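Engineer: Residue numbers (our numbering): 176 to 311.
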Amino acid sequence: MTMKIDGQCHCGSIAYEAEIDPKAVRIFHCTDRQVLSGTAFRITAPAAEEDVRFLCGTPAQYRKTAESGRIRIQAFCRDCGTPLYATSAGEGPRVFGIRAGTIRQRRELVPGRQFWRRSALPWMPEISCAEAFETQ
Ligand SMILES: [Zn+2]
């Protein structure tokens, strides 16, 4: 069951709408995502690229190279710095991991899975998710 969402960066230069599966919303505790989000973990709502439409603005991109050599594009607003999504580099089909904090309906989105639990900060309380994984 899909859900229509919309969102924007903090300054409003970039706005989007998308179709997501609310059950696929997930938490990532890994160290790269801690740094890239500037906080303890990241919450992501995956959406197929063709189900994401930008209403205004074009995100800036930072290309992150993982230890494996795999490149992930981190998209953000060049004006206010809000992280908007991450996706793979190269040809599609691609999935956009939309940053849940930018989604207007975020209060309705309950993460169903968490990944990289072993990297969670030590003070982090247990988060009740249907599934938790120590790594990917
Ligand atoms: Zn902005």
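Glycine residues also receive a C-beta, built at the ideal position from the N, C-alpha and C atoms.
It should be emphasised that the depicted structure is a prediction, and the values quoted were computed from it without experimental measurement.
So serine 212 is in the alpha helix (DSSP H); what residue range does that whole segment cover?
Structural biologist: Numbered from 1 along the sequence shown, position 37 holds the residue referred to as residue 212. Segment 206–212, the alpha helix (DSSP H) holding serine 212.
Engineer: DSSP on arginine 281, reduced to helix/strand/coil?
Structural biologist: For this step, residue 281 is matched to residue 106 along the sequence shown. If DSSP states are grouped into helix, strand and coil, arginine 281 belongs with the helices.
Engineer: Could you tell me if valine 210 is buried or exposed, where buried requires 16 or more neighbouring beta carbons within 10 angstroms of its beta carbon?
Structural biologist: The sequence position of residue 210 within the sequence shown is 35, counting from 1. Classification for valine 210: exposed.
Engineer: Considering Cα atoms alone, identify which of Gly265, Gln236 and Arg274 is closest to aspartate 345.
Structural biologist: This structure gives no information on residue 345, because the portion of the chain shown stretches from 176 to 311.
Engineer: Whether or not the stretch 304–311 and the stretch 261–272 are in contact is what I'm after, with contact meaning three or more pairs of Cβ atoms, one per stretch, closer than 8 Å; do they touch?
Structural biologist: no
Engineer: Kindly examine ligand 1 and report whether one of its heavy atoms sits closer than 7 Å to the Cβ of serine 212.
Structural biologist: Counting from one through the sequence shown, the residue named residue 212 turns up at place 37. False, no ligand heavy atom lies under 7 Å from that Cβ.
Engineer: What did DSSP end up calling aspartate 254 once you bin it into helix, strand or coil?
Structural biologist: Stepping through the sequence shown from its first residue, residue 254 is reached at position 79. In this structure, aspartate 254 counts as coil in the three-state DSSP scheme.
Engineer: Taking the straight line between their C-alpha atoms, what separation do you get for alanine 215 and arginine 247?
Structural biologist: Stepping through the sequence shown from its first residue, residue 215 is reached at position 40. Stepping through the sequence shown from its first residue, residue 247 is reached at position 72. If I take the Cα positions, the gap works out to 20 Å.
Engineer: Using DSSP with H/G/I as helix, E/B as strand and the rest coil, what is alanine 275?
Structural biologist: In the sequence shown, residue 275 corresponds to position 100, counting from 1. Alanine 275: helix per DSSP, three-state reduction.
Engineer: Applying the criterion that 16 or more other CB atoms from any shown protein chain within 10 Å of the CB defines a buried residue, is threonine 219 buried or exposed?
Structural biologist: Taking the first residue of the sequence shown as 1, we reach residue 219 at position 44. Buried, since its Cβ has 16 or more Cβ neighbours within 10 Å.
Engineer: Check for me: the beta strand (DSSP E) holding lysine 239 runs from which residue to which?
Structural biologist: As a first step, residue 239 is located in the sequence shown; it is residue number 64 there, counting from the start. First-last of the beta strand (DSSP E) with lysine 239: 235–240.
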